[in-house]
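Trainee: Residue numbers (the working numbering): 320 to 648.
Note that the Cβ used here is the ideal one computed from N, Cα and C, for glycine as well.
#1: Would the beta-carbon of residue 536 be found less than 8 Å away from any heavy atom of the ligand FMN?
#2: Where DSSP assigns a beta bridge to residue 622, which residues make up the other side?
#3: So does the segment 615 to 635 actually touch the segment 510 to 528, counting three or more Cβ pairs closer than 8 Å?
#4: Return the residue from the list 469, 514 and 507 that minimises the CA-CA distance to residue 539.
#5: Check whether the Cβ atoms of residue 556 and residue 591 lie closer than 9 Å to each other.
#6: Please give me, in chain order, every unbroken run of the beta strand (DSSP E) with length at least 3 that falls completely inside the segment 517 to 561.
#7: Assign residue 478 to buried or exposed, taking buried as 16 or more other Cβ atoms, counted over all protein chains shown, within 10 Å of its Cβ.
#8: Using the Cβ count rule (16 or more neighbours within 10 Å means buried), how would you classify residue 491?
#9: Can you list, in chain order, the residues of its chain whose CB lies under 7 Å from that of residue 560, leaving out five sequence neighbours each side?
#10: Quick one: what does DSSP say residue 639 is sitting in, helix, strand or coil?
#11: When DSSP builds the beta bridges, which residues end up paired with residue 610?
#12: Just verifying my parser: in three-state terms, what is the DSSP assignment at residue 485?
#13: DSSP on residue 479, reduced to helix/strand/coil?
#14: State buried or exposed for residue 607, treating a residue as buried only when at least 16 other CB atoms are found within 10 Å of its CB.
#15: Should residue 636 go down as buried or exposed, given a rule of 16 or more other Cβ atoms within 10 Å for buried?
#16: Given residue 544, which residues of its chain have a CB within under 6 Å of its CB, disregarding the five upstream and five downstream residues?
#17: Which two residues bound the contiguous alpha helix (DSSP H) that contains residue 417?
#18: Let me know the beta strand (DSSP E) ranges lying completely inside the segment 363 to 447, each 3 residues or longer, listed in chain order.
#19: Is it buried or exposed, residue 602, if we count other Cβ atoms within 10 angstroms and call 16 or more buried?
#20: Look at the alpha carbon of residue 349 and the alpha carbon of residue 438, and state the distance between them as a whole number of angstroms.
#21: Spatial neighbours of residue 383 within its chain, please: CB distance less than 6 Å, with the 5 preceding and 5 following residues excluded, ordered by chain position.
#22: In chain order, what residues of the same chain lie with their CB nearer than 7 Å to the CB of residue 378, ignoring the 5 residues before and after it?
#23: Buried or exposed for residue 322, please, with buried defined as at least 16 other CB atoms from any protein chain shown within 10 angstroms of its CB.
#24: Would you mind working out which of 585, 542, 564 and 550 sits nearest residue 376, comparing C-alpha positions?
#25: Buried or exposed: residue 627, going by 16 or more other Cβ atoms within 10 Å of its Cβ?
#26: Output needed for residue 389: all residues of its chain with C-beta closer than 7 Å, excluding positions within five of it in sequence on either side, in chain order.
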């Protein structure tokens, strides 16, 4: 008995590690499936699905014909647009998720959440239900939630309402978004500008209004035009996001990845500014899967941690959020 117990104590950690590795690999495979669906859309439309509010739609697609829309011209959330391209059979956002103003309300309506879009889910995700944030009702005439939605489960639009469904991944809004009402007319992406007189790079934050000059002439979100991404093999497009556990405190933008207001162009800079939007315990040692803007998928791992907040300071390989020049950072 003692020998058997000893063998079990030796084997169990190895078995657990093997299961976790299998989930990590499956998670990456699901993410790559999103890349295959994106390739279909890029071939037909020339750009990735848009993720923005009605202010951004008016800027990027005033005629509402460049991207995929559903009933009453409601912008398709990016997971829905990719699922449609993959042949899952979605044509409206409610084919995937439910309308809700927060996570708890989405849980109350979870019987209406579909479970047939596995490429949007990581098997290691303990929460699974999340929002892509857009389309969204931001109030004051900025309402992206159209009509009453699902005829079988009609829910009128309310302020702060978006769609919630099974979703383990976030989207890089710098790459696929447009400037929103929060951008205040300023470029929303962080970017580096070289000052020839001083012979140095200066980092400019997104969504800040600077004096007229070079800083205000670049840094605009790319509206899904992947050809404009600087070094696309280093820029994350779809990134694991969301809470580690249901009890975690997370804002309702948990599945948006941005460089605005961050102190640098990299994924760790984003986490230091918006730590609750990404998991750190979903996989062993903080590993996360990423689909890059050139459509290759990879697993990255933190190599430095902040001892104060417990968040990554650097990943290997390094991953940028900003699609612009990083300068000397």
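Mentor: Considering the structure as presented:
#1: The ligand FMN is not part of this structure, which contains no ligands at all.
#2: Answer is none; residue 622 lacks a bridge partner.
#3: no
#4: 507
#5: no
#6: 519 to 523 and 555 to 559
#7: exposed
#8: buried
#9: 488, 489, 573, 574, 576, 596 and 597
#10: strand
#11: 557 and 616
#12: strand
#13: coil
#14: buried
#15: exposed
#16: 366
#17: Counting along the chain, residue 417 falls outside any alpha helix (DSSP H), though it belongs to the beta strand (DSSP E) covering 417 to 419.
#18: 417 to 419
#19: buried
#20: 4 Å
#21: 392
#22: 497 and 498
#23: exposed
#24: 542
#25: exposed
#26: 395, 410, 411 and 412
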